[in-house]
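Data block below; observations after.
Number of protein chains: 2
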Amino acid sequence: MATKTAAARRAKARQEFNSYFADCPSRKLLDRISDKWVALILSSLGEADGPMRFSQLHRHIAGVSQKMLTQTLRNLEGDGLVTRTVTPTVPVTVHYALTPLGESLLEVIKPLKAWADTHIEQIEAARAAS
Amino acid sequence: MATKTAAARRAKARQEFNSYFADCPSRKLLDRISDKWVALILSSLGEADGPMRFSQLHRHIAGVSQKMLTQTLRNLEGDGLVTRTVTPTVPVTVHYALTPLGESLLEVIKPLKAWADTHIEQIEAARAAS
DNA sequence: GGTGCCTACTTACCAACAGTGACTAATGCC
DNA sequence: GGCATTAGTCACTGTTGGTAAGTAGGCACC
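Going down the list, the protein sequences come from chains F and V. For what it's worth, full-length UniProt numbering labels the leading residue of the first sequence as 1, then goes sequentially. For what it's worth, full-length UniProt numbering labels the leading residue of the second sequence as 1, then goes sequentially.
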């Protein structure tokens with residue numbers, strides 16, 4: 001009861017902001033895109049000129065756990081960014097490929113990777129200087 | 001000693017991949033860029049046509065905790081993407097502004113936001129269909 | 001003919017990270 | 001004098017991601 005003024009106002013403001021936030025789906029999508037592994041997976045799928053198998057992705061990305069790879073791929077599949085096709089061969093084979101939507105996202109992620117490649121030196125210089 | 005074959009091979013492979021990973025700084029930078037709040041902070045600073053105060057950013061971004069805002073801003077400052085200027089006024093005032101490097105990153109993040117805005121409907125349709 | 005392996009996962013557990021709310025400094029306003 | 005402000009920090013808590021082991025089911029090898 002002591003701090004009814006500022007704290008209450010701040011809490012109310014946060015509530016309003018949060019509902020505004022929930023109404024803004026592009027923010028949620030941005031969150032999804034900036035998921036740790038999404039960019040790597042899409043890039044891997046884009047570099048290959050065809051569908052990739054689960055184990056190929058796992059080897060190529062090199063830091064991802066099976067759990068997160070599965071999880072992220074399922075998310076991407078649910079969002080319609082990749083397709084998942086199971087072939088019931090001797091050991092089961094699963095292929096992942098980009099959908100056109102996924103390819104369009106890749107086109108906008110590529111510049112980001114390019115930026116990272118070209119500006120990494122400046123960043124490291126800044127880190128060293130700080 | 002029982003499982004020396006496949007498990008050992010896999011472990012060794014992972015080791016090699018991890019060291020390769022550590023040698024690839026653009027991946028680390030990509031991780032940094034795809035940090036949950038980095039895109040939001042840079043966008044906010046870019047939308048305003050001048051430096052922003054800590055509380056302005058906090059209000060504008062609307063889901064970020066003070067802790068994460070501070071932490072992310074310190075990271076960005078260390079990477080040379082934003083500047084932090086403290087003015088010792090009555091209640092201390094801190095302004096954050098984009099550096100040229102930060103602005104160049106913003107230029108490549110903007111298309112990402114634009115993509116999110118234009119394709120959100122397709123994503124939501126895919127999510128509903130799955 | 002039984003042991004063990006392959007793929008593509010799933011699950012249990014654990015550590016690290018992100019969020020929450022309270023607390024701080026110095027000072028101006030009522 | 002007490003409360004509010006700004007820009008944080010701190011301790012606690014919950015969620016998230018990593019690790020490693022287990023699972024299915026057929027085949028190859030000894």
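For glycine and all other residues, C-beta sits at the position ideal for the given N, C-alpha and C. Predicted model, so just to flag it, every value in this text is computed and none were measured.
Taking 9 Å as the cut-off between beta carbons, the residues of the stretch 96-113 of chain F near chain V are Thr99, Leu101, Ser104, Leu105, Glu107, Val108, Ile109, Pro111, Leu112 and Lys113, in sequence order.
Straight-line spacing of the CA atoms in Pro100/F and Gly46/F works out to 11 Å. By alpha-carbon distance to His58/V, the top candidate from Leu29/V, Asp31/V and Tyr96/V is Tyr96/V. Beyond the five residues adjoining it in sequence on each side, Val82/F comes within less than 7 Å, by CB distance, of Leu45, Leu73, Leu76, Tyr96, Ala97, Leu98, Thr99 and Gly102 in the same chain, given in chain order. Rounded to whole angstroms, Val38/V and Arg27/F show a C-alpha spacing of 12 Å.
Around the Cβ of Ala128/V, a 10 Å sphere holds fewer than 16 other Cβ atoms; the residue is exposed. Contacts with chain V at 7 Å (Cβ-Cβ) do not include Pro91/F. Within 7 Å of the CB of Asp117/V, the CB atoms of chain F belong to Ser26, in sequence order along the chain. The beta carbon of Ile41/V sits no closer than 7 Å to any beta carbon of chain F. With a contact defined as Cβ atoms closer than 8 Å, Ser55/V and Lys113/V miss out at about 23 Å.
Thr93/F sits in a strand when the DSSP states are folded into three classes. When C-alpha distances from Lys36/V are compared across Ala48/V, Ile123/V, Ile61/V and Ser104/V, the shortest belongs to Ile61/V. For Ser44/F, no chain V residue has a C-beta closer than 9 Å to its own C-beta; the minimum C-beta separation is roughly 12 Å. Taking Gly80/V as the centre and dropping the five residues before and after it, the same chain places the C-beta of Thr99 and Leu101 closer than 7 Å to its C-beta, in chain order. In this structure, the CA atom of Gly63/F is about 10 Å from the CA atom of Leu69/F.
The C-beta separation of Gly50/V from Ser130/F comes to about 23 Å, leaving the pair out of contact by the 8 Å criterion. Taking 7 Å as the threshold, the shortest C-beta distance from Ala128/V to chain F does not fall below it. The straight-line gap separating the alpha-carbon atoms of Pro91/V and Arg53/V is approximately 12 Å. Inter-residue distance for Ile120/V and Pro25/F is about 7 Å (C-alpha atoms, whole angstroms).
Not one beta carbon of chain V lies nearer than 7 Å to the beta carbon of Ser55/F. For Leu29/V, the C-beta contacts it makes with chain F under 7 Å involve Ala116, Ile120 and Ile123, in order along the chain.
For Leu106/F and Ile123/F, the gap between their C-alpha atoms comes out near 24 Å. In this structure, Leu30/V lies near Ala116/F, with their beta-carbon atoms less than 7 Å apart. In the DSSP assignment, the residues bridged to Met52/V are Tyr96/V. In the three-state reduction of the DSSP assignment, Val64/F falls in the coil class, being assigned neither a helical nor a strand state.
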